[in-house]
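>
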Amino acid sequence: MIEFRDVTFVHQNGVKALDGVSLKVGTGEVVAVVGENGAGKTTLVKHVTGLLKPESGSVIVDGVDTRDASTAQLSRKVGVAFQNPDHQLFSETVEEEMSFALKNFGFSEDVVHNRVTWGLELFGLEEYRKSSPLVLSGGEKKRLTLACILAWDPQVVIFDEPTVGQDAIQKEKLAGTIQMLTSTGKTILVVSHDIEFLWPIQPRVVVMKGGRVVGDGPSTDIMQDRELLGSARVAQPQLVELYQEFRRRPRAPFIHPLDAKRWVEEGLRA
Amino acid sequence: MMWLSGGFIFRRGESFYHRLDPRTKLLNSLLMFVTSLLARSVFEMVLVIAFMVGLSAGATVLMRVARTMTFTALFSGFIFVVNIAFTRNLDTSLLYAIRFIAIVVSTSLFFITTSPDELEQVMRMFRLPRDVVFAFVTAVRFIPVMMLDTIQIMDAQKSRGLELEKGNLIRRARNMIPILIPLVVNSVVRSGELAEAMESRAYGAVPRPTTLMAYKARMTDIGVALAAVALFAVAAYSFYFVIPVRFP
Numbered sequence: 002m003i004e005f006r007d008v009t010f011v012h013q014n015g016v017k018a019l020d021g022v023s024l025k026v027g028t029g030e031v032v033a034v035v036g037e038n039g040a041g042k043t044t045l046v047k048h049v050t051g052l053l054k055p056e057s058g059s060v061i062v063d064g065v066d067t068r069d070a071s072t073a074q075l076s077r078k079v080g081v082a083f084q085n086p087d088h089q090l091f092s093e094t095v096e097e098e099m100s101f102a103l104k105n106f107g108f109s110e111d112v113v114h115n116r117v118t119w120g121l122e123l124f125g126l127e128e129y130r131k132s133s134p135l136v137l138s139g140g141e142k143k144r145l146t147l148a149c150i151l152a153w154d155p156q157v158v159i160f161d162e163p164t165v166g167q168d169a170i171q172k173e174k175l176a177g178t179i180q181m182l183t184s185t186g187k188t189i190l191v192v193s194h195d196i197e198f199l200w201p202i203q204p205r206v207v208v209m210k211g212g213r214v215v216g217d218g219p220s221t222d223i224m225q226d227r228e229l230l231g232s233a234r235v236a237q238p239q240l241v242e243l244y245q246e247f248r249r250r251p252r253a254p255f256i257h258p259l260d261a262k263r264w265v266e267e268g269l270r271a
Numbered sequence: 025m026m027w028l029s030g031g032f033i034f035r036r037g038e039s040f041y042h043r044l045d046p047r048t049k050l051l052n053s054l055l056m057f058v059t060s061l062l063a064r065s066v067f068e069m070v071l072v073i074a075f076m077v078g079l080s081a082g083a084t085v086l087m088r089v090a091r092t093m094t095f096t097a098l099f100s101g102f103i104f105v106v107n108i109a110f111t112r113n114l115d116t117s118l119l120y121a122i123r124f125i126a127i128v129v130s131t132s133l134f135f136i137t138t139s140p141d142e143l144e145q146v147m148r149m150f151r152l153p154r155d156v157v158f159a160f161v162t163a164v165r166f167i168p169v170m171m172l173d174t175i176q177i178m179d180a181q182k183s184r185g186l187e188l189e190k191g192n193l194i195r196r197a198r199n200m201i202p203i204l205i206p207l208v209v210n211s212v213v214r215s216g217e218l219a220e221a222m223e224s225r226a227y228g229a230v231p232r233p234t235t236l237m238a239y240k241a242r243m244t245d246i247g248v249a250l251a252a253v254a255l256f257a258v259a260a261y262s263f264y265f266v267i268p269v270r271f272p
C-alpha cells in the first residue's frame with residue numbers, strides 16, 4: 002500500500018529530516034511511528050500525502066509515485082488528521098465543515114448528506130450539526146476533524162499526535178475508532194509520543210531517530226527493547242516495565258504483557 | 025509570503041552591520057528612504073541603490089536583499105507600466121519604478137539586520153508609549169509564527185482536496201477563504217492568550233520597567249551614519265540646486 006524507497010529529504014534550513022528511509026506498509030496494517038522531537042516522524046507522513054516530495058528515492062502510495070500526483074489527488078486515498086484541529090476549521094456550521102472535502106471530491110448531494118450524517122453520529126456530534134465548529138471544545142474539534150476525514154472513506158488514515166489535548170475517555174474512544182477502522186481494512190499510520198495510548202492497540206512500531214528508521218517490528222518486541230527506545234527518547238509502557246521487572250524474579254509465572262487483568266491480580270498477590 | 029519572509033524577517037548575523045547600534049541602522053534606513061524620495065533622476069536612484077547594495081554585501085545579506093529586489097521588481101514593473109501609460113515619459117516612469125525598489129530595500133535592510141529586541145529598545149528611546157511599542161514589536165515577532173501557521177493550514181486544507189492553484193482568478197480568491205479564516209481565528213485566539221500570559225507576568229505593573237541594555241555609538245556607527253548623511257546631503261543639494269541628470 003505504502004512504500005518508501007531509500008527516501009531522503011532536506012528542509013530549506015538544511016536539516017536532513019529523512020535520511021535513506023526504506024519502509025513498506027501493507028494494506029490493513031496499523032503502524033505507529035515513534036521517536037523524539039525532530040526525528041522526522043511528521044516529515045515521513047507528509048511524504049505519504051504528497052505535501053512533501055522526496056529529494057531522492059521515491060514514495061509509492063497504492064501504486065502511484067507521489068511525485069506524479071498532487072496532494073489533492075493523493076488525498077482521495079490518504080486522509081490526515083493533523084495535530085491542531087484549529088488549522089482546518091473554517092466553515093459556518095459543523096455540517097458544512099464536514100461536507101467541504103466531500104464537495105471537493107465531487108460527491109453527489111445525496112452522498113454528501115448521508116456521509117455527513119453518518120460521521121456526525123459516529124463521533125457523537127449530531128447535536129452540533131448547525132453550530133459553528135469554532136465554538137466546539139478542543140476534544141469535539143478533534144473528533145470533528147476525524148469525522149471530516151472518515152467521511153470520504155480514504156484507504157489510508159494518518160493520525161498526527163491524535164491524543165494531544167484529549168482526556169482519558171476520549172483517548173479510549175480514539176483507540177476504539179482506530180481498532181474499528183482496522184477491522185474495515187484501512188491502513189493506519191499513527192504518529193504519537195503517547196506510548197500508553199499505543200500499547201493496547203498493539204500496532205507495528207517504527208522507531209525513528211535523526212531521520213532514520215532505527216527500529217521496526219511488532220509492539221511486543223519493540224516495546225520490550227529498552228535500549229532501542231531509550232536511544233530514541235521513547236519511554237516504555239508502564240505495563241511492559243512491570244513485566245520486565247517481574248520476569249527478573251525467580252519462579253515468576255509467565256504472564257503475557259498484554260494481559261492487564263492478570264498483572265493486577267499478581268500485583269495484588271505480591 | 026515568501027518574499028516577505030526573506031525581506032523583512034530578522035535572522036541573527038555576525039556582520040559589522042548587524043553589530044551596529046540599532047539607532048544608526050534606523051538613521052541609515054530613514055536617510056536612504058528620504059534620499060530615495062528626493063532623488064530626481066534615474067542616475068541618482070541608481071547611486072542610492074548601489075549604496076544600499078554595498079551595505080547589504082557588508083552585512084552578508086546580499087542574497088536576501090537581491091531576492092527582495094527581484095520580487096519587488098514585479099510591483100515595480102506595474103508602477104512603470106501605469107506611469108508610462110499616463111505620462112508617456114520614460115525617465116519619470118523609470119524613476120518611480122526604481123524609487124519603489126529603493127524604498128522597499130531601505131526598509132528591508134533595517135528589519136533583516138535588527139532584532140525585535142533592538143527594535144523595542146529603539147522605540148522606547150524615542151519615548152513611544154509602551155503599549156504601542158509592545159504591539160508593534162509583537163506584530164514583527166509574530167510574522168514567522170503566522171507564516172508557519174499559514175503553511176500548516178494550507179497543508180491541512182490541501183489534504184482535504186483543496187486545490188489552491190486551480191481555476192480562474194475569482195475561484196483562486198475563493199479558495200483562499202479556507203486558509204484565511206483559520207489564520208485570522210488562530211491569530212485572535214493567540215493574541216488573547218498572549219495578553220493573559222503577559223498580564224499574569226506583571227505586564228503594566230509599573231509605568232517604567234527596568235531596561236538592561238545601554239547602547240553606545242562606536243566608530244563604525246559614526247562611519248556608516250556619516251556616509252548616509254553625506255549621500256543624503258548630496259541628494260538634498262541636487263534636489264534644490266542642480267538640474268537633474270537625465271538618463272540618455
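Line by line, the protein sequences are chains U and A. Note that the first sequence covers residues 2 to 271 in the numbering used here. Note that the second sequence covers residues 25 to 272 in the numbering used here. Think of the CB as a built atom: it goes at the ideal place given N, C-alpha and C, for glycine as much as any other residue.
1) What residues are listed by DSSP as bridge partners for U/LEU24?
2) Within its chain, find whatever has a CB closer than 6 angstroms to the CB of A/ALA121; leave out the 5 residues flanking it on each side and keep chain order.
3) Spatial neighbours of U/VAL11 within its chain, please: C-beta separation below 8 angstroms, excluding the five flanking residues on both sides.
4) Taking only three categories from DSSP, how would you classify U/LEU229?
5) So is A/SER65 buried or exposed if we call it buried at 16+ other beta carbons inside 10 Å?
6) Name the chain U residues whose beta carbon is nearer than 7 angstroms to that of A/ASN210?
7) DSSP puts U/PHE10 in a beta bridge; with which residues?
8) Comparing C-alpha positions only, which one of U/VAL46, U/ALA261, U/ARG130 and U/SER100 sits nearest to U/LEU151?
9) I think A/LEU50 touches A/VAL146, with their Cβ atoms under 8 angstroms apart; what is that distance to the nearest whole Å?
10) Against A/LYS182, what residues of chain U qualify as contacts under a CB-to-CB distance less than 9 angstroms, listed in chain order?
11) Please name the residue or residues paired with U/ARG355 in a DSSP beta bridge.
12) What residue range is occupied by the uninterrupted beta strand (DSSP E) comprising U/ASP161?
13) Would you mind giving the Cβ-Cβ distance between U/VAL214 and U/VAL49, rounded to the nearest angstrom? I have them listed as a contact below 8 angstroms.
14) Are any of the Cβ atoms in chain A nearer than 8 angstroms to that of U/ALA148?
15) What residue from A/THR138, A/VAL77, A/ILE127 and A/LEU114 has the CA that sits closest to A/ILE33's CA?
16) State buried or exposed for A/PHE110, treating a residue as buried only when at least 16 other CB atoms are found within 10 Å of its CB.
17) Report whether the distance from the Cβ of U/VAL95 to the nearest heavy atom of the ligand ADP is below 7 angstroms.
18) Would you grab the beta carbon distance between U/LEU123 and U/LEU145 for me? Rounded to a whole angstrom, and I think it's under 8 angstroms.
19) Three-state secondary structure (DSSP) at U/THR94?
20) Would you kindly work out how many angstroms separate the C-alpha atoms of A/ARG184 and U/PHE83, rounded to a whole number?
21) Report yes or no: do three or more beta-carbon pairs, one from the stretch 161-181 of chain A and one from the stretch 201-211 of chain A, lie closer than 8 angstroms?
22) Since U/ILE159 and U/GLY36 are thought to touch, with beta carbons under 8 angstroms apart, how far apart are those beta carbons, to the nearest angstrom?
23) For A/GLU38, decide whether its Cβ has a neighbour in chain U, counting only Cβ atoms nearer than 8 angstroms.
24) Relative to the C-alpha of U/GLY218, which candidate in U/LEU229, U/VAL206 and U/ASP7 has its C-alpha closest?
25) How far does the alpha helix (DSSP H) with U/SER59 in it extend, from its first residue to its last?
26) Any beta carbon of chain U sitting closer than 8 angstroms to that of A/LEU55?
27) Would you say U/THR91 reaches chain A, if we count a Cβ-Cβ gap shorter than 8 angstroms as a contact?
28) Give the straight-line distance between the Cα atoms of A/THR131 and A/ALA159, rounded to the nearest whole angstrom.
29) Counting only Cβ-Cβ distances shorter than 7 angstroms, please list the residues of the stretch 101-130 of chain U near chain A, keeping chain order.
30) Would DSSP call U/LYS78 helix, strand or coil?
31) Between A/LEU55 and A/PHE263, how many whole angstroms is the CB-CB distance? I'm expecting something under 8 angstroms.
32) Rank U/ASN85, U/GLU96 and U/GLY107 by C-alpha distance to the C-alpha of U/ALA73 and give the top, closest one.
33) Kindly say whether A/PRO168, judged by its beta-carbon, lies nearer than 8 angstroms to any beta-carbon of chain U.
34) Tell me the rounded alpha-carbon separation between U/ASP7 and U/GLY212.
35) According to DSSP, is A/ILE33 helix, strand or coil?
36) Report yes or no: do three or more beta-carbon pairs, one from the stretch 31-45 of chain A and one from the stretch 211-222 of chain A, lie closer than 8 angstroms?
Working from what's here:
1) U/PHE5
2) SER100, ILE103 and PHE104
3) LYS17, ALA18 and GLU56
4) The answer is helix: DSSP assigns U/LEU229 an H, G or I state.
5) buried
6) ASP87
7) U/LEU19
8) U/SER100
9) 6 angstroms
10) THR50, GLY51, LEU52, SER71, THR72, ALA73 and SER76
11) The first residue shown for chain U is 2 and the last is 271, placing residue 355 of chain U beyond what the model contains.
12) 157-161
13) Contact flag wrong, Cβ pair sits at about 14 angstroms.
14) no
15) Here the closest residue by C-alpha is A/THR138.
16) exposed
17) Ligands displayed in this structure: none; no statement on the ligand ADP is therefore possible.
18) Not confirmed; about 11 angstroms, so no contact.
19) coil
20) 11 angstroms
21) The stretch 161-181 of chain A vs the stretch 201-211 of chain A: in contact.
22) At roughly 16 angstroms, the Cβ-Cβ gap does not stay under 8 angstroms, so U/ILE159 and U/GLY36 are not in contact.
23) It does not; no Cβ of chain U falls within 8 angstroms.
24) U/VAL206
25) First-last for U/SER59: 57-62, but that is the beta strand (DSSP E), not the alpha helix (DSSP H).
26) no
27) Residue identity check: residue 91 of chain U is Phe in the sequence provided, not Thr. The Cβ of U/PHE91 sits closer than 8 angstroms to at least one Cβ of chain A.
28) In a straight line, the C-alpha of A/THR131 is about 19 angstroms away from that of A/ALA159.
29) PHE101, ALA102, ASN105 and PHE106
30) coil
31) At roughly 14 angstroms, the Cβ-Cβ gap does not stay under 8 angstroms, so A/LEU55 and A/PHE263 are not in contact.
32) U/GLY107
33) no
34) 12 angstroms
35) coil
36) no
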